[in-house]
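S.K.: Just passing along the structure, written as structure tokens.
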Amino acid sequence: MKKIVIIGGGIAGLAAAYHIHEEISKNTPVECTLLESSKKFGGKISTMRFDGFIVERGPDSFISQKPQAIELCKKLGLADRLTGTSPDHPNTYVYLKNKLVTMPDGLSLMIPTKFMPFVFSPLFSWLGKIRMGMDLFIPKREGNDDESLASFVRRRMGKEALEKMAEPMLAGIYASDPELMSINSTFPIFVQTEQKYRSLILGMLERKRQQMIHQSKISASKQPFSLFMTLKNGLDEMVETLVEKA
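The UniProt record's numbering puts the first residue of the sequence shown at 1, with every later residue one more than the last.
Right, dumping it as structure tokens:
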């Protein structure tokens with residue numbers, strides 16, 4: 001019999017344990033042990049519930065364009081618990097200089113795809129906007145060496161885009177330091193877009209056009225999920241279900 005030890009009871013460790021448990025249920029001869037040093041499972045996922053409110057102290061959502069999380073929720077029987085961004089309150093805000101500033105409309109995975117909302121956004125300085133617009137002219141990176149997410153965003157869009165746009169948005173998904181995150185592991189779509197279209201802005205505009213054509217051909221019941229997804233009772237709901245079933 002094979003013996004497997006999983007070190008860490010974060011979402012990756014729990015998901016691995018769950019998939020191994022599925023194999024065990026098929027009579028695969030495996031013994032699995034999960035090790036966790038803290039008092040709770042879930043890693044950086046930490047949901048607070050009080051007075052009818054839900055507050056996430058770590059990641060607050062996952063991206064539907066990376067389907068693994070949604071597929072896992074369906075396997076766990078949580079499909080009806082999935083919820084996306086409210087269409088009545090679609091705005092995203094950044095806390096900047098003691099006030100909330102709205103993210104400009106038209107951002108597609110942090111890449112601006114609408115000109116006017118971006119130009120008139122108070123979130124970025126004029127120099128920052130010009131630097132982000134230079135993505136249209138910067139050549140693609142040669143070679144296939146990995147780089148950090150922070151390095152990639154700085155190279156393509158500039159430091160201000162990293163600090164005021166990428167870091168706040170990624171904090172709600174990964175709750176991690178972009179300087180330590182691999183671009184190939186977290187957002188390979190950015191690398192693919194750069195290699196295919198050279199410019200992230202041009203690439204995202206083309207992807208958006210193709211998505212609109214595709215969506216016009218499918219029924220409303222089969223329309224894709226909201227970009228940012230979570231569970232109705234917080235992300236801990238996924239952790240609790242994994243612990244129960246793994």
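Backbone N, C-alpha and C define an ideal beta-carbon position, used for all residues, glycine too.
Pick from 69, 196, 29, 49: whose alpha carbon is nearest that of residue 83?
M.R.: Comparing Cα positions, the closest option is 69.
S.K.: Are there 16 or more other CB atoms within 10 angstroms of the CB of residue 145, so buried, or fewer, so exposed?
M.R.: Exposed, since its Cβ has fewer than 16 Cβ neighbours within 10 Å.
S.K.: Looking at C-alpha atoms only, which residue of 21, 139, 88, 64 is the closest neighbour of residue 199?
M.R.: Nearest C-alpha to residue 199: 139.
S.K.: Where does residue 112 sit, in a helix, a strand or coil, going by DSSP?
M.R.: Three-state result, residue 112: strand.
S.K.: I need the straight-line Cα distance from residue 148 to residue 135, nearest angstrom please.
M.R.: Cα to Cα, the separation comes out at about 18 Å.
S.K.: In this structure, how does DSSP classify residue 75 when only helix, strand and coil are distinguished?
M.R.: Looking at residue 75 - three-state DSSP - the assignment turns out to be helix.
S.K.: Based on the DSSP secondary-structure assignment, which residues constitute the bridge partners of residue 182?
M.R.: 148, per the DSSP bridge assignment.
S.K.: Drop a sphere of 10 angstroms on the beta-carbon of residue 104, count the other beta-carbons inside from all chains shown, and report buried for 16 or more, exposed for fewer.
M.R.: Classification for residue 104: buried.
S.K.: To the nearest angstrom, how far is it from the Cα of residue 232 to the Cα of residue 211?
M.R.: Spanning the two alpha carbons is a distance of roughly 27 Å.
S.K.: Is residue 121 buried or exposed, if buried means 16 or more other CB atoms sit within 10 Å of its CB?
M.R.: By the 10 Å Cβ count, residue 121 comes out buried.
S.K.: List the endpoints of the continuous beta strand (DSSP E) containing residue 50.
M.R.: Note, residue 50: beta strand (DSSP E), 47-50.
S.K.: Is any heavy atom in the ligand HEM found nearer than 8 Å to the beta carbon of residue 124?
M.R.: In the structure on display, the ligand HEM does not appear, and there are no ligands present to speak of.
S.K.: May I ask you to report which of helix, strand or coil DSSP gives residue 172?
M.R.: The answer is coil: DSSP assigns residue 172 none of H, G, I, E or B.
S.K.: Quick check on this structure: which residue in 238, 194, 65 has the alpha carbon closest to the alpha carbon of residue 44?
M.R.: When only C-alpha atoms are compared, the closest one is 238.
S.K.: Looking only at C-alpha atoms, which of 80, 4, 54 sits nearest to residue 24?
M.R.: Closest by alpha carbon: 4.
S.K.: Hey, quick one: how far does the alpha helix (DSSP H) through residue 33 stretch, first residue to last?
M.R.: Looking at the DSSP string, residue 33 is not in any alpha helix (DSSP H); the run it does join, the beta strand (DSSP E), is 30-35.
S.K.: Residue range of the beta strand (DSSP E) that residue 138 falls in?
M.R.: Note, residue 138: premise wrong, no beta strand (DSSP E); not H, not E.
S.K.: Run the CB neighbour count on residue 164, radius 10 Å, all protein chains shown included, and call it buried at 16 or more, exposed below.
M.R.: With 16 or more Cβ atoms within 10 Å of its Cβ, residue 164 is classed as buried.
S.K.: Suppose contacts are defined by Cβ-Cβ distances below 9 Å. Is residue 228 in contact with residue 62 by that definition?
M.R.: Cβ atoms of residue 228 and residue 62: closer than 9 Å.
S.K.: To the nearest angstrom, how far is the alpha carbon of residue 35 from that of residue 161?
M.R.: Answer to the nearest angstrom: the Cα atoms are 39 Å apart.
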